[in-house]
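Here's the structure we're looking at; comments come further down.
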Amino acid sequence: MTKRRTKNGKKKMLVKFGFLLYFVLCLFAIIWLKAAVVNIKYELGELDRMKAELVRERKMAVAQRANFYSTEKIEKVALDRLGMTLPMRENVYYVKRTMAAGPYKASLK
Amino acid sequence: MRYGLLKGRKKKSEERMLWDEDLKKSSLENSRKRAIVITTVISFGFAVILFRLVNLMIFDHAKLSGQASQQYIREKTLTPQRGVIWDRNLKEMATNIETDSLYAVPSNVRDTARLSSQIAPIIKVSSGEINSLLLKKKGKSFTWVARRMDLEDSRKLSALKSSFKDGEIGFVTEPKRYYPMKQVASHILGFANIDDKGIAGLELVYNDYLKGEVKSVPVDRDARGKSLVSDVKEAVPGNNIILTIDEGLQYIVERELTSAMQERKAKAAVAIMMNPATGEILALANRPTYDPNYPSVADGEEKRNRAITDIYEPGSTMKSILASAAVEEKAVSLNDIFDVSKGTITVGGKTIHDVHRHGVLNFQEVIKKSSNVGAVKVGMRLGAAKYYEYIRRFGFGDKTGIDFPGEAKGILRNVKNWSGTSLACLSIGQEIGMTPLQMLTAYSVIANGGVLMKPYIVSEIISPDGKSIKRNSPAEVRRVISKSTAATLRNILKTVVEEGGTAQRANVNGNLVAGKTGTAQIFDTKTGHYSKNRFVSSFVGFAPADDPRVALIVVVYEPVGETYGGLVAAPVFKNIIENTFAYLNVPMEKEENRVYLVSRSP
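Protein chains in written order, with my numbering: chain A, 3 to 111; chain B, 37 to 638.
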């Protein structure tokens, strides 16, 4: 009878220990999860900063592109760097297309 | 006896057992009491803790959570992106870039002289200036050192940042308005200030549409103040604007105006180009000008939009308005003869001269040769009341209603207040003040067949997600003259540019031009007389004359040397129109071989 009581006591102790262990593990799991979330938040924050930097560079690129596309810039490059000249109006021929695309011949009619 | 002894011992042993049991009982009783006391104490302790917890978590929750939030949550203001301004071909005329602004924490700076000398050469400010700023703000936790630096400067400073102590300086990224075309269209666009608020031009008029919505969002931060990711990412950006302006045409106009200014050494110049059929402003330029990226270095003269805000006396360009009224009212016919051989006419005690002696002219020649005497005679046939009515109908004395700030309505006295000389003076474009835009709008009436159109610069406002918020479309103000009168006037104005006319230098090779020159003396308010050496030279017209694509006015203020509109403004008109037609692919109409018909081979 004493033996049985001792056995029951040990069982109860084990159960108690198990519960304690489970509680501690849960506690650690929650802390680990919290830490992981914070870590992800840091990573996202860093990615956010990188994104802001890229957006900033994009804005600069758009502004530069707009500057390069300005007629003033194009004319300057064409005249000064590429040695082109503005065409005389007499030298410009306008072609009126009257039919669908295909092999064409020009006529003076 | 032995039995009796045993019995006695047994009794004693029983008594001892009973006594032991009593002792055990009393000990257990004591233990139980102690346990009760301890349990009560512990329970009380827990109850106190529980009470405190309830107090903290329920009753003081709001207060404490607020205090905690203050420690780890920071309010971050998200500055919205200002709307983009595009030309009619969706070329960016005003956009946004992000720049770094440098701040210092004076309370953390120990050696202000060292810090100043390191920063000064990069931000191009004297080290003494920075040093005195830091000393002045000593003890404060924030002061701006340089706002919206160039990208290059901020990169140099970022590289240097490690050589400063922690918390001495820092950077804040701020949006900055950027005008990629620089001086081109500066008077149209205006500019925004350092806080992204529109100050002039369209930036001012459409500020409410462009500015976007500022948002303040909570951002978590750790013990070091480092930000964690926040839930709300972006502020609501501003709406975008599409203009009627064509950047290519705008550049052509600006380029030709610059060259005219240099050639004529003029005080100022204005040119406006409009689609006469719709009222769309295609280009608008003023000289002197400025770069809206650096508005603070420009003076008031450079920022002045004379095209819309300044009034001038038009001179002979007014004769087309007089002629339109006279033809419409049938006060004259094309073959009516006017004897201007004297070269002068005296009206109300004022003598008006012709620049050249002409002899006898018909009505068409009066306009072609810009005879002042002939114009006065036409005016007298029409009469003051009718002329005033038509002046008003052409839009003079009223704002055009353009979507632009600071428009002047001009000066036009009521006919009741006209003096004996007023009709004669108004016939030759004196005693009246108008903006170049008003004059161009009036000539567009002749160009488009007789309808006064409301000019406009903004074509459409679209939301950041591409939805149309506001769309401006061509608006007729009123019919001013009949189609036939307009056609007659177009034919008359064509002759002005032909041989014998006052504006032969406006003749465009390959296309017919219609227009009128103007040379007006500037009224000197000091002497109370018209100046003999200060003039406003102008030319206003449209082309191709029979099917106008553009109407254009060129006004040159106080040119040096040549002063006649036909010599100063007409060549500028010609250059602009020729380049415009090349840009718009308008074929030459005079030579048949300019247009080739292409057909498919059999």
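Glycine residues also receive a C-beta, built at the ideal position from the N, C-alpha and C atoms.
Return no unless some Cβ of chain B is closer than 8 Å to the Cβ of residue i.
{"i": "T73 (chain A)", "result": "yes"}
{"i": "K43 (chain A)", "result": "yes"}
{"i": "V94 (chain A)", "result": "yes"}
{"i": "R91 (chain A)", "result": "yes"}
Using the rule of at least 16 other Cβ atoms within 10 Å of the residue's Cβ for burial, across every protein chain shown, is residue i buried or exposed?
{"i": "P328 (chain B)", "result": "buried"}
{"i": "R507 (chain B)", "result": "exposed"}
{"i": "D82 (chain A)", "result": "exposed"}
{"i": "P142 (chain B)", "result": "buried"}
{"i": "N611 (chain B)", "result": "buried"}
{"i": "L317 (chain B)", "result": "Note that residue 317 (chain B) is Ile in the sequence shown, not Leu. So I317 (chain B) ends up on the buried side."}
{"i": "F80 (chain B)", "result": "exposed"}
{"i": "G601 (chain B)", "result": "buried"}
{"i": "H565 (chain B)", "result": "exposed"}
{"i": "S567 (chain B)", "result": "exposed"}
{"i": "S109 (chain A)", "result": "Here the model assigns S109 (chain A) a pLDDT of 46, short of 50, so the residue's position is not dependable, and the following value carries that caveat. Label assigned to S109 (chain A): exposed."}
{"i": "Y114 (chain A)", "result": "This structure leaves residue 114 (chain A) out entirely; chain A is present only between 3 and 111."}
{"i": "A221 (chain B)", "result": "buried"}
{"i": "N629 (chain B)", "result": "Any answer about N629 (chain B) is weak, because its pLDDT of 43 lies below 50 and its placement is not dependable; what the coordinates show is given next. When all chains shown are included, N629 (chain B) counts as exposed."}
{"i": "N41 (chain A)", "result": "exposed"}
{"i": "S455 (chain B)", "result": "exposed"}
{"i": "T76 (chain B)", "result": "exposed"}
{"i": "N276 (chain B)", "result": "buried"}
{"i": "V84 (chain B)", "result": "exposed"}
{"i": "K48 (chain A)", "result": "Strictly speaking, residue 48 (chain A) in this sequence is Glu, with Lys absent from that position. Exposed is the call here."}
{"i": "M309 (chain B)", "result": "buried"}
As a quick exercise: from the options, pick the residue whose alpha carbon is nearest that of residue i.
{"i": "A646 (chain B)", "options": "B:I158, B:V576 and B:T113", "result": "Outside the shown range of chain B, which is 37 to 638, sits residue 646 (chain B), and nothing can be said about it."}
{"i": "A305 (chain B)", "options": "B:L320, B:N311 and B:E316", "result": "B:L320"}
{"i": "D335 (chain B)", "options": "B:D390, B:I344, B:R323 and B:A343", "result": "B:R323"}
{"i": "K173 (chain B)", "options": "B:V145, B:L138, B:F578 and B:E425", "result": "B:V145"}
{"i": "I344 (chain B)", "options": "B:V591, B:Y619, B:F87 and B:Q219", "result": "B:V591"}
{"i": "I278 (chain B)", "options": "B:P584, B:L525, B:A618 and B:I497", "result": "B:I497"}
{"i": "E204 (chain B)", "options": "B:L193, B:Y424 and B:R213", "result": "B:L193"}
{"i": "L448 (chain B)", "options": "B:R429, B:D258, B:R45 and B:I438", "result": "B:R429"}
{"i": "K112 (chain B)", "options": "B:V90, B:M416, B:V255 and B:K301", "result": "B:V255"}
{"i": "E689 (chain B)", "options": "B:T538, B:E57, B:Q117 and B:V451", "result": "In the structure as shown, chain B starts at 37 and stops at 638, and residue 689 (chain B) therefore has no counterpart that could be examined."}
{"i": "E290 (chain B)", "options": "B:G415, B:L488 and B:L588", "result": "B:L588"}
{"i": "R184 (chain B)", "options": "B:S199, B:N132 and B:N275", "result": "B:N132"}
{"i": "V549 (chain B)", "options": "B:M489, B:I427 and B:E614", "result": "B:E614"}
{"i": "V241 (chain B)", "options": "B:S105, B:I121 and B:V576", "result": "B:I121"}
{"i": "S137 (chain B)", "options": "B:K160, B:V516, B:D186 and B:G119", "result": "B:D186"}
{"i": "V414 (chain B)", "options": "B:D439, B:K562, B:G433 and B:K355", "result": "B:K355"}
{"i": "M470 (chain B)", "options": "B:I505, B:L488, B:G431 and B:A359", "result": "B:G431"}
{"i": "V544 (chain B)", "options": "B:G442, B:Y426, B:E625 and B:Y348", "result": "B:E625"}
If you measure from the beta carbon of residue i to each beta carbon in chain A, is any gap under 8 Å?
{"i": "E614 (chain B)", "result": "yes"}
{"i": "A19 (chain B)", "result": "Summary: the structure shown does not reach residue 19 (chain B), with chain B confined to residues 37 through 638, and so no result is reported for it."}
{"i": "N513 (chain B)", "result": "Strictly speaking, residue 513 (chain B) in this sequence is Val, with Asn absent from that position. V513 (chain B) does not count as touching chain A."}
{"i": "M217 (chain B)", "result": "yes"}
{"i": "Y593 (chain B)", "result": "no"}
{"i": "F227 (chain B)", "result": "no"}
{"i": "M185 (chain B)", "result": "no"}
{"i": "P639 (chain B)", "result": "Absent from the model: residue 639 (chain B). The displayed extent of chain B is 37 to 638, so no value can be given."}
{"i": "V586 (chain B)", "result": "no"}
{"i": "D327 (chain B)", "result": "no"}
{"i": "A18 (chain B)", "result": "A question about residue 18 (chain B) goes unanswered here, because the residues of chain B that appear run from 37 up to 638."}
{"i": "V220 (chain B)", "result": "yes"}
{"i": "Y330 (chain B)", "result": "no"}
{"i": "D375 (chain B)", "result": "no"}
{"i": "Y139 (chain B)", "result": "no"}
{"i": "F617 (chain B)", "result": "yes"}
{"i": "Y214 (chain B)", "result": "yes"}
{"i": "D256 (chain B)", "result": "yes"}
{"i": "L42 (chain B)", "result": "no"}
Beta carbon of residue i: closer than 7 Å to some heavy atom of the ligand MN?
{"i": "S377 (chain B)", "result": "For the structure depicted, the ligand MN is absent and the ligand set is empty, with no information on it obtainable."}
Please name the residues in the stretch 56-86 of chain A whose beta-carbon is closer than 7 Å to at least one beta-carbon of chain B, in chain order.
-> Residues R58, K61, M62, V64, A65, A68, N69, Y71, S72, T73 and E74.
Can you give me, in chain order, the residues of the stretch 524-549 of chain B that have a beta carbon less than 8 Å from any beta carbon in chain A?
-> Cβ contacts with chain A: N545 and G546.
Which of the residues in the stretch 120-137 of chain B, read from start to end, lie with their CB under 7 Å from any CB of chain A?
-> So the close ones are K127, E128, T131, N132, I133 and E134.
4-residue-minimum alpha helix (DSSP H) runs that sit fully inside the stretch 122-198 of chain B, ordered along the chain = List check, alpha helix (DSSP H) in window: 148-159, 163-172 and 187-196.
Name, going along the chain, the residues of the stretch 269-298 of chain B whose beta-carbon falls closer than 7 Å to a beta-carbon of chain A.
-> For the stretch 269-298 of chain B, the beta-carbon criterion of a distance under 7 Å to any beta-carbon of chain A is satisfied by E283, G284 and Y287.
Kindly provide the ranges of any beta strand (DSSP E) runs that are 3 or more residues long and lie completely inside the stretch 540-607 of chain B, ordered along the chain.
-> Counting only runs of 3 or more, we get 550-560, 565-579 and 586-593.
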